[in-house]
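Below is one structure, written out as structure tokens; comments come after it.
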Amino acid sequence: MTQPKPVYLIAPTTAGRKLAQALQALLPEAMLWKRPLGELESAWREAGQLVFVLAVGAVVRLIAPLLADKRTDPGVVVIDEAGRFAVSVSAGHIGGADALAERIAALLSATAVLTGAGGRHGLPPVDLLGKAYGWQAGEASDWNRVAALVAAGEPVQVVQECGLDLWRAALPESHPFVDTAAAAGRLWISHRLPTAGTLPTVCWHPRVIWLGVGCERGIAADFLEQSIRQALAGAGLAFEAVAGIASLDIKADEAGLLAVAERHGWPVRFFDAATLARCPVPNPSQAVADCVGTPSVAEAAALLAGEALQLAAPKRVFKAAGAGACTVAAAVAIQEFNPAPGRLLLIGSGPGALDQITPAARAALGAAQVVIGYQLYIDLIRPLLAPTQIVETSPITQEVARAERAIALARRGLAVAVISSGDAGIYGMAGLVFERLARGGWNGQAPAVDVLPGITALQAAAARVGAPLMHDFCAISLSDLLTPWQTICTRLEAAARADFVVALYNPRSASRTQQIAQAREILLAHRDPATPVALVRCAYRPDEQVSLHTLADLPLESVDMLTTVLIGNRATFRRGDRLITPRGYPHP
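Here the sequence shown is numbered in the numbering used here, starting from 6 and rising by one per residue.
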């Protein structure tokens with residue numbers, strides 16, 4: 006697989022270099038360009054994107070002689086030295102400058118400046134629409150005309166016959182995409198070649214076609230590819246929609262077949278004769294069965310590889326003197342193949358304020374194509390989301406469904422962020438996602454999983470009231486929805502006896518009003534009634550509430566699900582509006 010090109014950070018001034026170094030720590034793919042500006046042409050050839058910390062005018066003059074074609078030029082982003090703006094200057098769509106400017110803006114708490122029409126209106130650029138899903142762009146596409154129609158708000162007909170339709174979920178309420186033929190242009194998303202018409206058309210081909218191939222030993226690679234192209238074209242199928250190639254296992258070392266697959270990045274699947282023989286096909290051959298032990302190679306291999314019920318193209322035989330002979334068939338899979346590895350980003354968004362989200366979590370959020378979470382948590386981070394990111398929300402009781410949805414999308418090659426408040430691994434979604442992966446036979450590698458830690462509620466609450474967690478402490482959730490109440494009581498008893506500082510999560514809800522009272526009684530059996538207690542509700546959010554009490558006078562009715570309760574140990578004391586738990590240092 007081709008390695009992605011680097012992002013070069015170019016900062017010729019002292020102030021600019023400081024900002025570039027800080028940004029490098031947040032962008033894993035970024036590298037500082039340390040050579041003179043006179044050698045910028047080398048950076049232009051090598052990089053996928055260039056990020057300048059410089060004035061826009063200076064950058065325009067520097068890159069003007071290098072600009073050639075938006076399809077091949079690197080994306081160019083300019084940041085001012087104060088880090089207030091990230092401006093997409095060139096190759097915004099295909100070069101990725103728009104997306105990179107939005108990522109950088111989120112990381113630096115800056116403003117992204119996008120001047121393209123699609124960026125202004127939150128519309129997906131038609132020339133990038135299928136890239137995230139591994140779709141292939143069709144050759145006979147009028148990208149400029151259809152992009153101009155979208156930018157102008159003219160109706161563009163959508164014909165989608167296969168592939169994920171997630172892209173529609175990110176469309177703004179007012180968009181030009183329609184399902185009717187009364188339109189000025191056409192967006193064709195199919196495994197088939199576009200039908201004839203007068204509308205300017207752009208084509209995206211989801212990779213759903215699995216080829217079945219049988220061939221003579223020593224088949225020439227170029228002849229095999231030519232035969233594949235002819236077979237597909239004859240059936241009205243797009244070569245760009247090919248997902249992979251399949252054959253009989255004795256062809257696992259067939260050089261020509263392997264060369265064609267490698268040339269196009271196609272996965273190859275091989276089946277033994279017995280497996281192929283069990284697959285019903287429309288055109289079995291006794292001669293083939295007598296030769297290799299199965300009445301069908303091409304048709305059966307295509308159906309099995311694509312997990313399809315019928316063929317899109319029955320077998321065709323091709324022969325050429327000196328090149329060999331081959332048989333080609335094609336089947337259409339229900340689910341498209343995406344060569345991207347897929348990734349789950351389990352993000353802890355902290356207590357709620359945007360400035361409390363870690364830089365690493367911000368970077369991961371910016372890299373996600375899909376963002377999944379509970380509605381409240383998504384609302385808190387919405388200013389960090391790009392208009393073209395797909396956002397899926399669900400109620401608070403749908404955690405398992407969220408985990409399964411995220412895993413399913415990651416398995417289809419997407420980068421999926423799963424949002425938890427606080428820390429994803431502390432009463433968050435991380436554990437559940439790993440559980441569901443394990444139950445599904447996850448091998449620990451695909452999809453890849455990154456856990457991005459966040460400031461959890463007990464940390465945020467403690468910071469708001471001083472230093473109550475300076476000695477041993479524990480966190481206990483009072484919610485008995487997933488844990489039996491008797492188990493929770495046993496843990497409370499143990500924590501009280503051991504003199505832990507205790508942080509109570511999920512202390513009281515509309516239907517669970519007695520648990521907090523029982524928890525207090527358990528703690529009072531082992532602690533002084535004057536033990537300091539802090540109630541912190543919505544820490545670092547606009548509606549934050551903080552109050553200090555004693556264990557005896559704890560106002561239970563003011564506690565709810567958004568409250569974190571911190572209960573001191575025997576040594577915890579109060580000074581003013583602060584709680585302090587001594588660590589045990591000697592004081593002269």
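Note that beta-carbon positions come from the ideal geometry of N, C-alpha and C, so glycine has one too.
Please classify residue i as buried or exposed, where buried requires at least 16 neighbouring CB atoms within 10 angstroms.
i      : result
Ser425 : buried
Gly21  : buried
Glu404 : buried
Leu487 : exposed
Glu159 : exposed
Leu169 : buried
His196 : buried
Cys331 : buried
Ile401 : exposed
Met6   : No answer about Met6 holds up, because its pLDDT of 46 lies below 50 and its placement is not dependable.
Cys220 : buried
Gly471 : buried
Val213 : buried
Asn574 : buried
Pro211 : buried
His98  : buried
Ser563 : exposed
Ser354 : buried
Glu304 : buried
Asp582 : exposed
Pro70  : exposed
Leu37  : exposed
Gln519 : exposed
Tell me the residue span of the beta strand (DSSP E) that contains residue i.
i      : result
Leu253 : 247-253
Ser552 : 550-555
Trp215 : 214-220
Gln54  : 54-58
Arg348 : 348-353
Ala453 : 453-457
Leu584 : 583-585
Leu559 : Segment: none, Leu559 is in no beta strand (DSSP E) and carries neither H nor E.
Gly190 : 190-194
Leu571 : 568-572
Thr206 : 206-210
Ile424 : 420-425
Counting along the chain, where does the alpha helix (DSSP H) carrying residue i start and finish?
i      : result
Arg66  : 61-68
Gly239 : 226-239
Leu437 : 435-444
Gln162 : Segment 161-165 is the beta strand (DSSP E) holding Gln162; no alpha helix (DSSP H) there.
Trp172 : No alpha helix (DSSP H) holds Trp172; DSSP gives it neither H nor E.
Ala48  : 45-51
Val470 : 462-470
Whole-angstrom Cβ separation of residue i and residue j, contact assumed at under 8 Å?
i      : j      : result
Ala435 : Thr569 : In fact, because the Cβ distance is near 19 Å, the residues do not count as touching under 8 Å.
Ala539 : Leu529 : In fact, because the Cβ distance is near 17 Å, the residues do not count as touching under 8 Å.
Val94  : Val58  : In fact, because the Cβ distance is near 13 Å, the residues do not count as touching under 8 Å.
Ala96  : Val83  : About 13 Å separates the two Cβ atoms, so there is no contact after all.
Ala251 : Gly298 : Between Gly298 and Ala251 the Cβ distance is about 16 Å, and since that is not below 8 Å, they are no contact.
Thr5   : Pro473 : What the structure shows of the chain is the stretch from 6 to 593, and residue 5 is not part of that stretch, so it cannot be assessed.
Gly139 : Pro344 : 5 Å
Trp193 : Val155 : Between Val155 and Trp193 the Cβ distance is about 14 Å, and since that is not below 8 Å, they are no contact.
Leu309 : Val265 : Wrong, their Cβ atoms sit about 19 Å apart, outside the cutoff.
His476 : Arg387 : So it is not a contact: roughly 38 Å between Cβ atoms.
Leu389 : Arg367 : 7 Å
Ala318 : Ala294 : Not really, about 22 Å apart at Cβ, beyond 8 Å.
Thr398 : Ile383 : 5 Å
Ala188 : Leu204 : 7 Å
Ala292 : Leu316 : Rounded, the Cβ-Cβ distance is 20 Å, inconsistent with contact.
Contact between the segment 406-416 and the segment 373-390 (3+ Cβ pairs under 8 Å): yes
Contiguous alpha helix (DSSP H) assignments of at least 4 residues, all confined to the segment 355-413: As far as the segment 355-413 is concerned, its whole alpha helix (DSSP H) runs of at least 4 residues are 364-372, 380-386.
Runs of beta strand (DSSP E) wholly within the segment 478-527 (minimum 3 residues, chain order): 478-482, 506-510
Beta strand (DSSP E) runs wholly inside the segment 250-336, at least 3 long, in chain order: 273-276, 316-325
In chain order, each beta strand (DSSP E) run of at least 3 residues that lies wholly inside the segment 72-155: 80-84, 90-95, 116-118
At least three beta-carbon pairs within less than 8 Å, the segment 513-529 to the segment 332-341: Output reads no: the segment 332-341 does not touch the segment 513-529.
Validate contact between the segment 32-49 and the segment 9-17 using beta carbons, cut 8 Å, 3 pairs: Yes: the two stretches touch, three or more of their Cβ pairs being nearer than 8 Å.
Any beta strand (DSSP E) of 3 or more consecutive residues that is wholly inside the segment 13-42: Complete beta strand (DSSP E) runs here, min 3: 35-37.
Touching by the beta-carbon criterion (3+ pairs, under 8 Å), the segment 234-250 and the segment 169-178: Judged by Cβ distances under 8 Å, the segment 234-250 makes no contact with the segment 169-178, as fewer than three pairs qualify.
Touching by the beta-carbon criterion (3+ pairs, under 8 Å), the segment 100-117 and the segment 25-43: Yes, since at least three Cβ pairs between the segment 100-117 and the segment 25-43 fall closer than 8 Å, the two stretches touch.
Given 8 Å, three or more beta-carbon pairs between the segment 255-263 and the segment 272-282: yes
Touch test, the segment 345-359 against the segment 450-462, Cβ-Cβ under 8 Å, three pairs minimum: yes
Stretch pair the segment 353-368 + the segment 543-560: three plus CB contacts closer than 8 Å: Result yes; three or more Cβ-Cβ pairs closer than 8 Å.
At least 3 beta-carbon pairs within less than 8 Å: the segment 503-518 vs the segment 476-494: Contact holds: three or more Cβ-Cβ distances are below 8 Å.
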